[in-house]
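Scroll down for the structure; my scribbles are underneath it.
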Amino acid sequence: MAGNWKMYKTPRETATFFDHFKPLVDGYDRCDIVIFPPAIDIPAAVSAASGANIAIGGQNIYWGKEGAFTGEISAEMLTAAGARWTLVGHSERRHVVASETDAEVLKKTQAALAAGLTPIVCMGERLEDHKAGKTNEVLIRQFAGGVAGLTEEQFALVAAAYEPVWAIGTGQTATPEIAAAAHKLIREESEKRFGSDAAQKLRILYGGSVKPDNIRGLMKEFEIDGVLVGGASLDPESFSKIVKAA
Ligand code: PEP
Numbered sequence: 607m608a609g610n611w612k613m614y615k616t617p618r619e620t621a622t623f624f625d626h627f628k629p630l631v632d633g634y635d636r637c638d639i640v641i642f643p644p645a646i647d648i649p650a651a652v653s654a655a656s657g658a659n660i661a662i663g664g665q666n667i668y669w670g671k672e673g674a675f676t677g678e679i680s681a682e683m684l685t686a687a688g689a690r691w692t693l694v695g696h697s698e699r700r701h702v703v704a705s706e707t708d709a710e711v712l713k714k715t716q717a718a719l720a721a722g723l724t725p726i727v728c729m730g731e732r733l734e735d736h737k738a739g740k741t742n743e744v745l746i747r748q749f750a751g752g753v754a755g756l757t758e759e760q761f762a763l764v765a766a767a768y769e770p771v772w773a774i775g776t777g778q779t780a781t782p783e784i785a786a787a788a789h790k791l792i793r794e795e796s797e798k799r800f801g802s803d804a805a806q807k808l809r810i811l812y813g814g815s816v817k818p819d820n821i822r823g824l825m826k827e828f829e830i831d832g833v834l835v836g837g838a839s840l841d842p843e844s845f846s847k848i849v850k851a852a
């Protein structure tokens with residue numbers, strides 16, 4: 607169960623969040639709990655989460671180890687700061703703040719793995735593709751370009767997220783059936799490339815306007831292994847309710 611804070615919260619607000627959130631999930635070990643704060647908040651989050659069943663991740667990495675890449679952060683830097691996970695290919699990076707390509711998503715995923723981070727590789731179609739019935743086409747293309755290039759050993763270490771762009775931050779959640787169908791497709795593509803065992807073990811999260819009042823319907827779907835939550839992860843009460851639906 608993962609929370610993506612996007613560009614919200616200062617280090618002080620991060621510490622306050624954990625003061626409230628930690629007791630709410632204390633001893634809860636039915637799932638991995640991961641929070642992806644802005645990079646500037648990672649040291650505060652790592653320190654506040656220490657001793658709890660809560661891991662911290664970065665929202666983005668660059669694939670180089672170091673160099674003249676102003677504004678970027680390497681996977682090694684995240685690891686050194688205490689992060690254990692990273693998002694890769696979030697739709698806001700593909701379509702809003704950068705134009706990340708599938709080839710870059712693959713390079714970032716490989717860099718994350720090389721540094722010992724667990725990447726969550728995000729995929730999902732835009733509204734126009736959804737309306738045109740092109741969801742499967744987009745997912746197959748993003749999988750082929752962004753994930754299929756991994757080795758079997760690498761694939762065993764990644765998680766995936768289906769995040770339909772039209773559902774992110776819009777309040778318009780995909781129905782559990784729509785989400786499950788997309789997850790099934792990602793699993794089928796995984797099976798074709800990496801075999802049945804690896805495909806069954808892949809954790810696929812759903813993301814897009816997940817809230818405490820729709821989480822149970824989503825988690826009832828066999829294909830949905832967890833969720834990636836934006837807005838509703840900013841509030842300790844609401845995110846803890848979502849986490850406990852695992
Ligand atoms: C996200 O940022 O990955 C996300 C799914 O956002 P929201 O839950 O706000 O739609």
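Each residue of the sequence shown is one higher than the one before, starting from 607 at the first, in the working numbering. Note that the Cβ used here is the ideal one computed from N, Cα and C, for glycine as well. Source: prediction; values computed, not measured.
Take E829, set aside five residues on each side of it, and the residues of its chain with a beta-carbon closer than 6 angstroms to its own are A786, H789 and K790, in chain order.
Taking one beta carbon from each stretch, the stretch 696-707 and the stretch 727-735 have 3 or more pairs nearer than 8 angstroms; the two touch. For K612, the shortest C-beta to heavy atom distance toward the ligand PEP is below 8 angstroms.
Remark: C-beta atoms of L824 and A767 do not approach each other more closely than 9 angstroms. Comparing alpha carbon positions, the residue from A804, T781, L808 and E795 closest to V816 is T781. If you check the C-beta of H696 against the ligand PEP, you find a heavy atom less than 8 angstroms away.
In the three-state reduction of the DSSP assignment, A608 falls in the strand class. Following the DSSP letters along the chain, one finds F642 inside the beta strand (DSSP E) bounded by residues V640 to F642. Note on A686: under 16 other CB atoms within 10 angstroms of its CB, so exposed under the neighbour-count rule. Distances from the alpha-carbon of G777 to those of A762, E758 and N820 put N820 closest. Distance from the CA of K850 to the CA of T616, rounded to the nearest whole angstrom, comes to 26 angstroms. For G823, no beta strand (DSSP E) segment is defined; the enclosing uninterrupted segment is the alpha helix (DSSP H) at I821 to M825. Check the Cα spacing between Y614 and each of K847, D841, A852 and G670: the tightest is with D841. Burial is judged here by how many other beta carbons sit within 10 angstroms of a residue's own beta carbon; Q665 has at least 16 and is buried. Beta-bridge partners of P725 (DSSP): T692. For G664, the enclosing beta strand (DSSP E) begins and ends at A661 to G664. When C-alpha distances from E682 are compared across D638, G663 and A721, the shortest belongs to A721. For A754, there is no enclosing alpha helix (DSSP H), as DSSP marks it with neither H nor E. Put simply, of E710, V640 and A645 the residue whose alpha carbon is nearest the alpha carbon of I679 is A645. In this structure, the straight-line span from the alpha carbon of L763 to that of H626 is close to 31 angstroms. Checking the 8 angstroms criterion, the Cβ of C728 is within range of a heavy atom belonging to the ligand PEP. Close CB contacts of A805 within its chain, under the 8 angstroms cut and outside five residues either way in sequence, are with R793, E794, S796 and E797 (chain order).
C-alpha of A621 to C-alpha of G752: approximately 35 angstroms in a straight line. Between the C-alpha atoms of K737 and K714 there is a straight-line separation of about 30 angstroms.
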